[in-house]
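**Student:** Just so you know, the sequence shown maps onto residues 1 to 302 in the UniProt record's numbering.
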Amino acid sequence: MVRGLGILVGLVFAFVVLWAFGHGAYTYVTNPPEQTAEARYHLPPREEVRFSFDGPLGRFDEQQLQRGFQVYREVCSTCHGLGQVAFRSLRDIGYSEAEVRAIADQWPHQVPSINPDTGEAATRKAIPADHIPGPYANDTMARAANNNALPPDLSLMAKAREGGPHYIYSILTGFRNPPAGYEVPQGLHYNPYFPNLNIAMPPPLTADGQVTYAPGNPRPTVDQMAQDVSAFLMWAAEPNLTTRHAVGLPVLVFLLIATILAYLSYQNIWHGGDRRVRATGALDPENMEKRQQASREAGVTE
Ligand code: HEC
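1) Would isoleucine 103 and glutamine 66 qualify as a contact pair, given that the criterion is a beta-carbon distance under 7 Å?
2) I need the residues with a C-beta less than 5 Å from some heavy atom of the ligand HEC; please give them in chain order.
3) Given this structure, state the Cα-to-Cα distance separating proline 45 from alanine 121, to the nearest angstrom.
4) For leucine 82, which of helix, strand or coil comes out of DSSP?
5) So for proline 285, helix, strand or coil by DSSP?
6) Is valine 229 near glutamate 74, with beta carbons less than 7 Å apart?
7) If we require 4 or more residues per run, which alpha helix (DSSP H) segments fall completely within the region 14-57?
8) Tell me the DSSP secondary structure of histidine 271 in three-state form.
9) Apart from the five residues on each side of it in sequence, which residues of its chain come closer than 6 Å, Cβ to Cβ, to tyrosine 193?
10) Alpha carbon to alpha carbon, what distance is there between isoleucine 168 and valine 71?
11) Nearest to leucine 188 by CA position, among Ala258, His80 and Ala149, is which residue?
12) For the beta strand (DSSP E) containing serine 113, list its first residue and its last residue.
13) Taking its Cβ as the centre, do 16 or more other Cβ atoms sit within 10 Å of tyrosine 26, making it buried, or is it exposed?
14) Straight-line CA distance for asparagine 287 to valine 300?
15) Comparing C-alpha positions only, which one of Leu233, Thr242 and Arg278 sits nearest to proline 56?
16) May I ask which residues mark the beginning and end of the alpha helix (DSSP H) holding alanine 121?
17) Can you tell me the Cα-Cα spacing of valine 111 and alanine 126, whole angstroms?
18) With a floor of 4 residues, list each alpha helix (DSSP H) that falls wholly inside the region 213-247, ordered by position along the chain.
19) Reducing DSSP to helix, strand and coil, say where isoleucine 132 ends up.
20) Whose CA, out of Gly83, Val184 and Pro215, lies closest to the CA of proline 202?
21) If you follow the alpha helix (DSSP H) that asparagine 69 is part of, which residue opens it and which one closes it?
22) In the DSSP assignment, what residue or residues form a beta bridge with isoleucine 199?
23) Count the other CB atoms within 10 Å of the CB of valine 17; is the residue buried (16 or more) or exposed (fewer)?
24) Below 7 Å between beta carbons: does that hold for phenylalanine 51 and alanine 200?
25) Quick check: is any heavy atom of the ligand MG less than 6 Å from the C-beta of glutamine 84?
26) Taking serine 170 as part of the alpha helix (DSSP H), name the residues at either end of that continuous run.
Pasting the structure below:
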């Protein structure tokens, strides 16, 4: 009786589950969910742009990093900080000590400090040991100046987003008119490379020649400036990339040689030899024989 009831309940349960599944599948087929705008228009980072540091042996191009720094200083630093990078690190991309001191001294933003006489909050000019100060004293101030959007610190941006420098390059060159019928919310800008398509940053690089490069450099087109600043931000996020790449290959070669040596040693010493286990001590047949003999002589039965 109880068993029959159990089976009945089970059958009803199985029926309900099957019916719900069938109903769900039927509605999915007859009335498919609408594609979201993100799924329709979002584009992956543009991988076709090549950087000198791409690939396992790539290295930074110092000239390009300096151009990128110039773009950062003249354009991006009005809104974005670079708080993880110290001015003195700029020596690594080819600036001399005097140049670094001048860059820090003339930086458009000052660093927080105190008035030595009164102890009140004040600011002072940057020195090479300071981290590159951003334009805003705090996030609230940053939001207030940017339509309530927070311009993130760019120090680690190239590591924080999928596609890294390719993503940054795509964002900078990706501003365009929205597709017909797509409404961009007030105060935002259409950019298919940004995950939700509407970015709060106004297009920062708008005209060729916005930054003047020193003679001997490529023409500062929007595309070139975007590439250069993306490369610079990659350096900011991973300054040791060139060293890492330079060390990686010798280490792999070393490991390969060590593997070959280990294999040859194995062949030479152990492989193919007589691998029978040799009985020793009490288990050695010779010792066993001696023991039995001694037992017999002493009249002990084992
Ligand atoms: C007028 C201020 C302003 C300038 C100038 C500016 N940005 Fe931005 N940026 C913003 C704001 C605001 C955001 C936040 C956008 C958001 O969250 O919608 C942002 C976001 C970003 C992001 C992050 C996108 C993400 O995935 O979160 C990157 C990368 C970026 N900016 C790079 C740059 C670079 C490189 C420059 C210089 C070429 C630059 N920005 C110049 C205001 C600015």
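Beta carbons: idealized from backbone N, C-alpha and C, even for Gly.
**Tutor:** The structure says:
1) Counted from its first residue, the sequence shown places residue 103 at position 103. Counted from its first residue, the sequence shown places residue 66 at position 66. Cβ atoms of isoleucine 103 and glutamine 66: not closer than 7 Å.
2) Going down the chain, each residue whose beta-carbon is closer than 5 Å to a heavy atom of the ligand HEC shows up: Val75, Cys76, Thr78, Cys79, Asn146, Ala149, Pro151, Met157, Ile168, Ile199, Ala200, Met201, Pro204 and Val229.
3) As a working note, residue 45 is residue 45 in the sequence shown. As a working note, residue 121 is residue 121 in the sequence shown. Using only the alpha carbons, I get a separation of about 43 Å.
4) Within the sequence shown, numbered from 1, the residue matching residue 82 stands at position 82. In this structure, leucine 82 counts as strand in the three-state DSSP scheme.
5) Within the sequence shown, numbered from 1, the residue matching residue 285 stands at position 285. Three-state DSSP puts proline 285 in a helix.
6) Along the sequence shown, read from residue 1 onward, the residue named residue 229 stands at position 229. Along the sequence shown, read from residue 1 onward, the residue named residue 74 stands at position 74. At the C-beta level, valine 229 and glutamate 74 stay beyond 7 Å of one another.
7) Counting whole runs of 4 or more residues, the region 14-57 contains the alpha helix (DSSP H) stretches 37-41.
8) Here residue 271 refers to the residue found at position 271 of the sequence shown. Secondary structure of histidine 271 (DSSP, three-state): coil.
9) Your numbering for residue 193 matches position 193 in the sequence shown. Correct list, in chain order: Leu43, Ser170, Ile171 and Gly174.
10) Counting from one through the sequence shown, the residue named residue 71 turns up at place 71. Counting from one through the sequence shown, the residue named residue 168 turns up at place 168. Using only the alpha carbons, I get a separation of about 13 Å.
11) In the sequence shown, the residue the question calls residue 188 occupies position 188. Answer by Cα proximity: Ala149.
12) Position 113 of the sequence shown, counted from the first residue, corresponds to residue 113. It spans 111-114 - the beta strand (DSSP E) in which serine 113 sits, taken as one unbroken run.
13) The residue given as residue 26 occupies position 26 in the sequence shown. Tyrosine 26 should be labelled exposed.
14) What you label residue 287 is simply residue 287 of the sequence shown in a count that begins at 1. What you label residue 300 is simply residue 300 of the sequence shown in a count that begins at 1. Valine 300 has its alpha-carbon roughly 17 Å from the corresponding atom of asparagine 287.
15) The residue given as residue 56 occupies position 56 in the sequence shown. The option with the nearest alpha carbon to proline 56 is Thr242.
16) Along the sequence shown, read from residue 1 onward, the residue named residue 121 stands at position 121. Note, alanine 121: premise wrong, no alpha helix (DSSP H); beta strand (DSSP E) at 121-124.
17) Looking up residue 111 in the sequence shown gives position 111. Looking up residue 126 in the sequence shown gives position 126. In a straight line, the C-alpha of valine 111 is about 6 Å away from that of alanine 126.
18) Within the region 213-247, the complete alpha helix (DSSP H) runs of at least 4 residues are 222-237.
19) Translated into the one-based positions of the sequence shown, residue 132 becomes position 132. In the structure shown, isoleucine 132 sits in a strand (DSSP, three-state: E or B).
20) Along the sequence shown, read from residue 1 onward, the residue named residue 202 stands at position 202. Among Gly83, Val184 and Pro215, the Cα nearest to that of proline 202 belongs to Val184.
21) Residue 69 sits at position 69 when you count from the first residue of the sequence shown. Note on residue identity: the sequence assigns phenylalanine, not asparagine, to residue 69. Segment 62-74, the alpha helix (DSSP H) holding phenylalanine 69.
22) In the sequence shown, residue 199 corresponds to position 199, counting from 1. In the DSSP output, where bridge partners are listed per residue, isoleucine 199 has His189.
23) Looking up residue 17 in the sequence shown gives position 17. Flag for valine 17 reads exposed.
24) For the purposes of this step, residue 51 is identified with residue 51 of the sequence shown, where counting begins at 1. For the purposes of this step, residue 200 is identified with residue 200 of the sequence shown, where counting begins at 1. Going by C-beta atoms, phenylalanine 51 is not nearer than 7 Å to alanine 200.
25) Within the structure as shown, the ligand MG is missing, the only ligands being the ligand HEC.
26) What you label residue 170 is simply residue 170 of the sequence shown in a count that begins at 1. Here the alpha helix (DSSP H) through serine 170 covers 164-173.
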